[in-house]
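Undergrad: Per the UniProt record's numbering, the very first residue in the sequence shown carries number 1; after that it's consecutive. Glycine is no exception: its CB is placed at the ideal position from the N, C-alpha and C atoms. Quick caveat: nothing in here was measured; it's all calculated off a predicted structure. The following block contains the structure, expressed as structure tokens.
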Amino acid sequence: MINPSHSIYLLNSKVKMSLVILSLCMLSLLVAVWTETNADEAAGDHRPLACHIMGNIGGVIDYRYSRVGKEQKVAMEMAVEDFARSSCSKQLVLQLEDSRGDSARAASSIELIDSKQVRALIGTMSAQETGPLSRVAKNIKYLPIISLTSPAITPPSIAHQLPHFFQFSDHITFHIQCIAAIVGQFKWRKVTVIYESKNGFSAYSGILTLLSDTLKAVNTDIEYHLTFPSLPSLSNVEAFIEQELVNMRSRSNRVFVVVISSLEMAVLLFEKAKQLGMMEKGYVWIVTDEIASFLDSCDSSVVNNMQGVIGFRTGFERSSKPFKRFRSRFRSKYRSEYPEEEEHCNPSIFALRAYDATWAIAQAMKNSPEKISSKDLSKAISSSRFRGVSGAIRFKNNVLRKMPSFQIINVVGNSYRELAVWSPDFGFLKSLEKHDGVNSSSSFEEWGPVHWPGGKGSVPRGWVISETDIPLKIGVPAMGAFHEFVKVSLDEANNKTCVTGFSINVFEATLKRLPYNLPYVFVPFNGSYDKMVEQVYDKGLDAAVGDFSIEPGRFQYAEFSQPYIDSRLVMTVPAKSAKSNITWMLKTFTKKLWLLMVAMHMFIGCLVWILERGNNTEFEGIGGMLWFSVTVIFHAHGQPLRNNLSRVMVAPWLFVILIVTASFTADLSSRMTVSRLEPSVLDIDTLLKTNAPVGCNGNSFVVRYLTNVLHFKPENIRKFYSENDYLEAFETGHIKAAFFVEPHAKIFLGKYCKRFTQAKSTFQLGGFGFVFPKGSPLVFDMSEAILKVIESGEMRQMEEILSFPNCSSDALRDNSSLDLEPFAGLFILSGSVSAFGFLVAILRTGKNLQILSYIQEALTKRRIWRWASIHLSRENSTIPKTKDQVQASTSVELANFAR
């Protein structure tokens with residue numbers, strides 16, 4: 001018999017067991033749903049598709065030694081798993097081959113195609129490697145291949161050989177532009193380029209040319225480039241790197257740009273650089289995406305060796321939910337496969353792109369018929385459009401269509417600091433999210449100080465004078481016409497060449513203000529100034545010092561420092577005495593001043609005559625007015641002035657006459673007693689009209705300037721090479737004028753001031769400067785030092801050697817006439833008083849006329865004016881009267897009528 005309580009117990013147990021089983025089933029279902037959802041979200045916008053039989057996808061990567069290969073392997077496996085789960089796909093197989101380095105990639109690709117029959121290929125094969133291989137294995141030419149090589153390098157000559165070759169990375173052009181932008185921001189003029197011979201970089205020499213051309217756009221040149229063989233091909237890697245770094249340290253350049261390098265090579269490079277003291281103050285290191293993108297996954301010792309390094313990495317949405325979920329699953333899978341790297345397992349942009357590339361092929365295979373051709377599969381891949389974990393995926397000409405943006409980072413402490421964002425369209429920005437769409441080229445320095453190797457401080461100069469550098473060969477003109485600037489002589493006692501002069505003194509004073517020692521040796525040059533500039537361009541000379549004029553035609557060969565002395569083109573002609581003209585006395589005043597004095601004199605004389613003639617018998621007639629005008633100049637006028645208004649007007653005018661006559665007397669005395677010189681030829685137009693011959697320095701640019709700018713005929717230009725040549729040509733009449741740059745003209749006129757003078761025609765030039773090769777970092781430092789010499793007053797002291805105290809200063813005095821300006825105040829005072837007197841006289845005359853008109857109007861109304869006019873006319877016709885009698889009788893009768 002069954003115990004009821006026992007039955008109830010068994011029933012409860014069965015119910016509990018059923019509930020447990022049901023709970024487990026529900027939990028399994030939830031886990032499955034959660035896993036599927038997680039995979040979908042990790043894949044971005046990838047959508048589930050109907051179940052379908054797939055095929056093989058091949059992968060050729062170096063996942064044994066390379067950090068990039070390890071990340072790509074894990075990401076590709078995750079993509080296949082997620083796609084198969086989300087789309088119920090069957091037999092989607094990833095066939096991976098370890099390339100074991102660059103040399104084995106081609107063989108691995110052929111093996112996958114022949115034995116595994118893969119329908120598409122993913123890997124780090126470059127176009128340079130795959131192109132020749134397509135001629136050996138015909139299947140490769142039509143097989144869809146997605147290259148994960150970064151940056152993308154596809155020469156135009158190879159692109160047509162591989163119509164189904166896809167670049168799943170940014171083109172190297174954008175990387176080069178970003179490098180040039182960083183270098184240009186800090187104005188470094190020379191850089192050293194370092195690259196590892198991998199990914200076809202060394203095979204395509206056009207990339208180095210592209211980098212050089214892009215850097216030249218920011219006035220920077222590649223001084224030296226160093227090629228490291230691929231890491232697996234070196235037997236003793238550390239010894240090789242150390243030797244190359246020692247050679248680089250012996251050079252003067254201190255800006256190093258690592259263009260292409262694996263992370264493993266970069267780790268050894270910076271470790272050795274720190275050991276050799278090349279991570280100290282004064283050095284600059286710039287790294288690209290291949291290194292900067294792995295800083296999150298590097299050991300602290302590696303980051304410590306890279307303190308102060310500037311780099312850039314490809315930007316993507318690191319805060320998005322799909323990326324965060326992908327990162328979580330990636331870290332878990334990466335730890336399980338590579339437990340030795342458990343602490344550093346963050347995915348880089350290369351893992352994200354490997355995931356998206358695998359998904360793109362799987363999705364194209366899914367959407368295509370089972371027996372699709374390779375050509376049609378390539379078309380399906382090229383039309384892929386989805387949002388992956390690395391961003392929007394879309395192809396244009398078999399390259400990712402998305403315009404990249406790079407985060408500029410600076411390694412500081414145990415990590416790095418983000419300085420700015422750079423994009424090809426907008427330049428440097430604080431962030432793309434806050435960008436308003438307006439182009440920006442501002443420096444990222446404004447968002448915080450940059451931590452350079454050796455610590456914070458000013459921007460490194462980028463070069464130093466190395467102890468092993470040979471002295472600079474400084475060319476000096478040995479055939480200069482004016483030795484006051486540069487003089488080359490032989491010291492027979494010591495058997496050496498001595499170089500002296502004003503330009504040499506300025507150069508040596510400038511060197512003292514440089515923050516470093518600059519070894520040099522002067523090299524006399526027997527040739528023209530233009531030829532010496534060309535020698536600097538051809539690297540026959542390191543620089544040139546002397547009286548070099550800064551002019552546009554020379555900038556295509558060299559660069560110039562800040563001018564240390566201003567310059568103009570001056571026309572020098574024989575002088576003649578200023579008294580040779582019969583009108584020389586009138587040159588005391590300008591024509592404008594003479595006319596103003598005559599006008600004012602006549603005006604005041606007329607006013608005085610008008611005011612005085614009614615009451616002063618001395619001013620009867622025009623003759624009285626003229627005589628007063630003459631005598632008042634010498635203060636000898638005898639006519640007394642009875643009108644107070646006349647006296648007010650004459651008083652300031654007498655003061656003006658006193659000052660003007662005194663100035664006239666002083667200037668005229670000076671002209672009569674001191675020899676004054678004036679140009680025999682006034683201007684260039686006179687020379688051109690008469691086809692007069694002119695002379696100039698045959699070694700300078702003046703010959704070209706006279707022909708091209710001033711339009712002198714070449715046959716009228718005489719070339720001279722010394723001061724005596726000019727003197728002889730002037731004396732014999734072979735030239736009518738000579739053209740000098742202003743510093744030379746001062747020397748020539750200082751010595752021969754009594755025989756020659758300067759004409760008014762002058763033309764502004766660029767001044768004298770020192771010559772340096774294009775892109776030389778010395779240009780900026782020397783220019784800054786020249787400004788310091790000028791500001792200190794030392795330049796003014798050195799210019800004293802260009803002056804000649806023996807030349808009479810009187811002969812060099814200005815022959816210009818006295819102008820109105822010194823007497824303007826006096827004329828304004830006298831003119832104002834005269835104008836006031838003239839206004840008062842008009843008012844008085846108008847008032848008298850108004851009274852007479854009123855009387856006439858009143859008498860006319862009473863018909864008396866007509867009778868009076870007739871009566872007075874009759875009396876005047878019968879009895880002759882004097883003028884005074886007529887006025888008296890008329891006044892009496894008018895008074896009677898008024899009563």
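Just to confirm, are Val570 and Glu742 a CB contact at a threshold of 8 Å?
TA: Going by C-beta atoms, Val570 is nearer than 8 Å to Glu742.
Undergrad: Chain B beta carbons: is any one of them nearer than 8 Å to that of Val660?
TA: The question asks about chain B, but that chain is absent: this structure has only one protein chain.
Undergrad: Just how far apart, CA to CA, sit Pro679 and Ser489?
TA: Computed Cα separation, rounded: 36 Å.
Undergrad: Could you pull out every unbroken beta strand (DSSP E) segment of at least 3 residues lying fully inside the stretch 202-270, listed in chain order?
TA: Qualifying beta strand (DSSP E) stretches, in chain order: 221-228, 255-260.
Undergrad: DSSP puts Gly311 in a beta bridge; with which residues?
TA: According to DSSP, Gly311 bridges with Val287, Ile409.
Undergrad: Where does Arg718 fall in DSSP's three states?
TA: Here Arg718 sits in strand by DSSP.
Undergrad: Taking just the CA atoms, how far does Phe827 sit from Thr665?
TA: Between Thr665 and Phe827, the C-alpha separation is close to 19 Å.
Undergrad: Which of the three DSSP states, helix, strand or coil, is assigned to Phe756?
TA: In the structure shown, Phe756 sits in a strand (DSSP, three-state: E or B).
Undergrad: Assuming Gly308 contacts His451 (C-beta within less than 8 Å), just tell me the rounded distance between them.
TA: About 5 Å separates the two Cβ atoms, so the contact holds.
Undergrad: Suppose you measure from the CA of Asn526 to the CA of Leu687; what does that come to, to the nearest Å?
TA: Answer to the nearest angstrom: the Cα atoms are 32 Å apart.
Undergrad: Taking DSSP as the reference, what is the three-state secondary structure of Ala478?
TA: Three-state result, Ala478: coil.
Undergrad: For the candidate residues Val650, Pro773, Thr130, whose alpha-carbon lies nearest to that of Phe836?
TA: Minimum Cα distance to Phe836 is reached at Val650.
Undergrad: Throw me the rounded Cβ distance for the Arg67 and Leu263 pair, which I believe falls under 8 Å.
TA: The pair is a contact, with the Cβ atoms about 5 Å apart (cut-off 8 Å).
Undergrad: Short check: CB of Ile747 to CB of Phe482, under 8 Å?
TA: A contact, by the Cβ cut-off of 8 Å.
Undergrad: Classify Asp491: buried if its beta carbon has 16 or more other beta carbons within 10 angstroms, exposed otherwise.
TA: Exposed, by the Cβ-count rule.
Undergrad: To the nearest whole angstrom, what separates the beta carbons of Lys774 and Glu559, a pair I think is in contact under 8 Å?
TA: Between Glu559 and Lys774 the Cβ distance is about 5 Å, and since that is below 8 Å, they are a contact.
Undergrad: If we call anything under 8 Å between Cβ atoms a contact, is Lys281 one with Met78?
TA: Not in contact: Lys281 and Met78 (Cβ atoms no closer than 8 Å).
Undergrad: Helix, strand or coil for Asn56 per DSSP?
TA: Asn56 falls in the strand class under three-state DSSP.
Undergrad: Since Val464 and Ser252 are thought to touch, with beta carbons under 8 Å apart, how far apart are those beta carbons, to the nearest angstrom?
TA: At roughly 6 Å, the Cβ-Cβ gap stays under 8 Å, so Val464 and Ser252 are in contact.
Undergrad: For Phe823 versus Ile659, is the C-beta spacing smaller than 8 Å?
TA: For Phe823 and Ile659, yes; Cβs fall inside 8 Å.
Undergrad: To which residues of the same chain is Phe701 closer than 8 Å at the C-beta, ignoring the five residues directly before and after it?
TA: Result list for Phe701: Tyr529, Asp530, Ser549, Glu551, Gly553, Arg554, in chain order.
Undergrad: Indicate the three-state DSSP secondary structure (helix, strand or coil) for Ala84 in the structure shown.
TA: Note: Ala84 maps to helix in three-state DSSP.
Undergrad: Helix, strand or coil, according to DSSP, for Arg401 in the structure here?
TA: Arg401 falls in the coil class under three-state DSSP.
Undergrad: Name the DSSP bridge partner or partners of Met571?
TA: Beta-bridge pairing links Met571 to Phe739.
Undergrad: Could you tell me which of Arg318, Met532, Arg249, Ser761 sits nearest to Phe772, measuring between CA atoms?
TA: Comparing Cα positions, the closest option is Met532.
Undergrad: Take every Cβ of the stretch 471-480, pair it with every Cβ of the stretch 747-759, and state whether three or more of those distances are shorter than 8 Å.
TA: No: fewer than three Cβ pairs fall under 8 Å.
Undergrad: Is the distance from the Cβ of Val257 to the Cβ of Ile286 below 8 Å?
TA: Yes, the pair counts as a contact, with Cβ atoms nearer than the cut-off.
Undergrad: For a test of the three-state rule: what should DSSP assign to Leu352, helix, strand or coil?
TA: If DSSP states are grouped into helix, strand and coil, Leu352 belongs with the helices.
Undergrad: Hey, out of Tyr416, Arg335, Val284, Ile182, whose CA is closest to Leu429's CA?
TA: Nearest option by C-alpha distance: Ile182.
Undergrad: Specify whether the stretch 295-311 and the stretch 335-347 touch according to this definition: at least 3 beta carbon pairs, one from each stretch, less than 8 Å apart.
TA: Enough Cβ pairs lie closer than 8 Å, so yes.
Undergrad: Would you mind sorting Arg704 into buried or exposed? The rule is 16 or more other CB atoms within 10 Å of its CB.
TA: It is exposed - the Cβ of Arg704 has fewer than 16 other Cβ atoms within 10 Å.
Undergrad: Runs of 3 residues minimum, wholly inside the stretch 643-716: which ones carry the beta strand (DSSP E) assignment?
TA: Within the stretch 643-716, the complete beta strand (DSSP E) runs of at least 3 residues are 677-679, 694-697.
Undergrad: My output table needs one value for Thr130: the three-state DSSP class, helix, strand or coil.
TA: Three-state DSSP puts Thr130 in a helix.
Undergrad: Suppose contacts are defined by Cβ-Cβ distances below 8 Å. Is Gln95 in contact with Gly58 by that definition?
TA: Result yes, Cβ atoms of Gln95 and Gly58 sit closer than 8 Å.
Undergrad: Grab me the residues of Phe730's own chain with a C-beta within less than 7 Å of its C-beta, minus the 5 sequence neighbours each way, in chain order.
TA: If we look at Phe730 and ignore the five residues flanking it on each side, its Cβ neighbours are Pro574.
Undergrad: Does Asp425 pass the burial test, meaning 16 or more other C-beta atoms within 10 Å, or should it be called exposed?
TA: It is exposed - the Cβ of Asp425 has fewer than 16 other Cβ atoms within 10 Å.
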